[in-house]
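Heads up: the sequence shown is residues 2 to 263, going by this note's numbering.
Each residue gets a CB set at the ideal place from its N, CA and C atoms; glycine is no exception.
A short write-up of the structure that comes next.
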Amino acid sequence: MAEDYLKQYRPEQVAAWYRRLADAWTTNIPELQPALAGAFLRAWVDNRNPKARIEFDSPAHLRSNSTVLNVQRFHRDVFLTNKKARVTGGAEKWAGILPRVQGAPDTAKWDMKGPLALEYESLCDVAPDIWAIAKIQRSGSAGERDIFGSLRGFQLKSKVTVAANPPRTNRLDIRFVSWQASGTDRYDWNYSERLTVANPDYESKAPVAIRPQDKTLTVYHSNAKRLEEAGQAAPYDVVLRSWSVTNAAIIAIAEIDLSRRL
């Protein structure tokens, strides 16, 4: 098992090393602006309030990520009542447009004349199992690795406004007038885990450098706990600012069968 070199250093020294790591992540992938992994890590080291909510822009490599798009396709199916929504406790139920057209219990009936606002959120996990993790670590793009190193699994929310064309016999054409996506997460650590990263102090001549002879370091997250207990960092709630969904397939006009019974 790799040695935990960071535990030999005082919390303030380790905190400074984490800041250098965050800066290195941002510097080494200039094609990603912003790079979430570096921004999230620096926010954690700078934060002192575990109840803080910190907002970040949603970069292009997140908005275009295949897992994000797949979850949005699922949300589209929920809105169009093609698939059941996942609700509290692991249960599923029909939601979206058709229950409102049919006046189902616990829903406000929609007359199909004015716009209808809907929202739904569910888990978006770019690496849900060990095989997905291994694939990203082995051959993932810079964007995939950045999302894995920052969010990995987060709540993806879709807020849409839909409108209906005049209904034909048992058929209703639905237009997505607007679609806004956003995300939330909790930035914290599993203190029992560890991660091997590129050492930002590699070949550094600075007197504060940690293990400059090592190209990589295995970081035990027990050090994160040590920093938090020393008041040198704090977990926080992540808020990903909303963005407009413009993917043609996701916002395409859809047809609903009004005669279908749920």
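K206 versus R195: straight-line alpha-carbon distance, rounded
Residue numbering aside, residue 206 sits at position 205 when the sequence shown is read from its first letter. Residue numbering aside, residue 195 sits at position 194 when the sequence shown is read from its first letter. Rounded to whole angstroms, K206 to R195 spans 27 Å at the Cα level.
Is it right to say L263 is buried, meaning 16 or more other beta carbons lie within 10 angstroms of its own, or is it exposed?
As a first step, residue 263 is located in the sequence shown; it is residue number 262 there, counting from the start. When all chains shown are included, L263 counts as exposed.
Which ranges would you report for the alpha helix (DSSP H) in the region 53–100 if only whole runs of at least 4 residues count?
Here the runs fully enclosed are 61–64 and 67–80.
Is L37 closer than 9 Å to I175 when the C-beta atoms are compared?
The count along the sequence shown starts at 1 and reaches residue 175 at position 174. The count along the sequence shown starts at 1 and reaches residue 37 at position 36. Judged by beta-carbon spacing, L37 lies beyond the 9 Å limit of I175, meaning their Cβ atoms are not closer than that value.
Near R146, what residues of its chain come up, given a Cβ to Cβ distance below 7 Å and the 5 sequence neighbours on each side ignored?
The count along the sequence shown starts at 1 and reaches residue 146 at position 145. Only I137 meet the Cβ criterion.
In its own chain, which residues sit with a C-beta less than 6 Å from the C-beta of A225, not counting the 5 before and 5 after it?
Against the sequence shown, residue 225 aligns to sequence position 224. Excluding residues within five positions, the ones whose Cβ falls inside 6 Å are W190.
W180 - containing beta strand (DSSP E), residue span
Position 179 of the sequence shown, counting from 1, holds the residue named residue 180. First-last of the beta strand (DSSP E) with W180: R172 to Y188.
Taking the Cβ atom as the reference point for each residue, do G292 and P129 lie within a distance shorter than 9 Å?
Absent from the model: residue 292. The displayed extent of the chain is 2 to 263, so no value can be given.
L117 by DSSP, collapsed to three states: which one?
Position 116 of the sequence shown holds residue 117. In the structure shown, L117 sits in a strand (DSSP, three-state: E or B).
With distance defined between alpha-carbon atoms, name the residue in E230, A182 and E229 nearest to G248.
Within the sequence shown, residue 248 is the residue found at index 247, counting from 1. Note that residue 248 is Asn in the sequence shown, not Gly. Closest option to N248, Cα to Cα, is A182.
What is the DSSP secondary structure of L157, reduced to helix, strand or coil?
Residue numbering aside, residue 157 sits at position 156 when the sequence shown is read from its first letter. In this structure, L157 counts as strand in the three-state DSSP scheme.
In angstroms, rounded to a whole number, what distance separates the CA positions of R11 and V220?
Residue numbering aside, residue 11 sits at position 10 when the sequence shown is read from its first letter. Residue numbering aside, residue 220 sits at position 219 when the sequence shown is read from its first letter. Just so you know, the alpha carbons of R11 and V220 end up roughly 15 Å apart.
Are the CB atoms of Q73 and I257 nearer to each other than 9 Å?
Position 72 of the sequence shown, counted from the first residue, corresponds to residue 73. Position 256 of the sequence shown, counted from the first residue, corresponds to residue 257. Taking the C-beta atoms as reference points, I257 is found no nearer than 9 Å to Q73.
If you draw a straight line from the C-alpha of D126 to the C-alpha of R242, how long is it?
Sequence index remark: in the sequence shown, residue 126 carries index 125 (1-based). Sequence index remark: in the sequence shown, residue 242 carries index 241 (1-based). When rounded, the distance between both Cα atoms is 18 Å.
Element boundaries [beta strand (DSSP E), containing V209]
Mapped onto the sequence shown, residue 209 falls at position 208. Premise fails: V209 is in no beta strand (DSSP E) and is neither H nor E.
Could you compute how far the alpha carbon of V79 sits from the alpha carbon of R49?
Working through the sequence shown from its first residue, we reach residue 79 at position 78. Working through the sequence shown from its first residue, we reach residue 49 at position 48. V79 and R49: Cα-Cα distance of roughly 39 Å.
Kindly indicate which residue of N83, I211, R87 and A253 has the alpha-carbon position closest to the one of W180.
On the sequence shown, position 179 is the one that residue 180 refers to. Taking only the C-alpha atoms, the option nearest W180 is A253.
Can you find the residues in the same chain that come closer than 8 Å, C-beta to C-beta, to Q156, ignoring five residues on each side of it along the sequence?
Start at 1 with the first residue of the sequence shown, and residue 156 comes out as number 155. Closer than 8 Å at Cβ, skipping near neighbours: E122, S123, L124, C125, G184, T185 and D186.
At the level of alpha carbons, what is the spacing between E13 and V178?
Here residue 13 corresponds to residue number 12 of the sequence shown, with the count starting at 1. Here residue 178 corresponds to residue number 177 of the sequence shown, with the count starting at 1. Cα to Cα, E13 sits roughly 51 Å from V178.
Rounded to whole angstroms, what's the CA-CA distance from A23 to A17? Just pull it up for me.
Position 22 of the sequence shown, counted from the start, is the residue given in the question as residue 23. Position 16 of the sequence shown, counted from the start, is the residue given in the question as residue 17. Between A23 and A17, the C-alpha separation is close to 10 Å.
Run through DSSP, which three-state label would I254 get?
As a first step, residue 254 must be located in the sequence shown, where it is residue number 253. Of the three classes helix, strand and coil, the one that applies to I254 here is coil, per DSSP.
Beta carbon of A143 nearer than 9 Å to that of L70:
For this step, residue 143 is matched to residue 142 along the sequence shown. For this step, residue 70 is matched to residue 69 along the sequence shown. 9 Å or more divides the Cβ of A143 from the Cβ of L70.
Residue span of the beta strand (DSSP E) that contains T217, given as start and end:
The residue labelled residue 217 in the question sits at position 216 within the sequence shown. T217 to Y221 is the span of the beta strand (DSSP E), which, as asked, contains T217.
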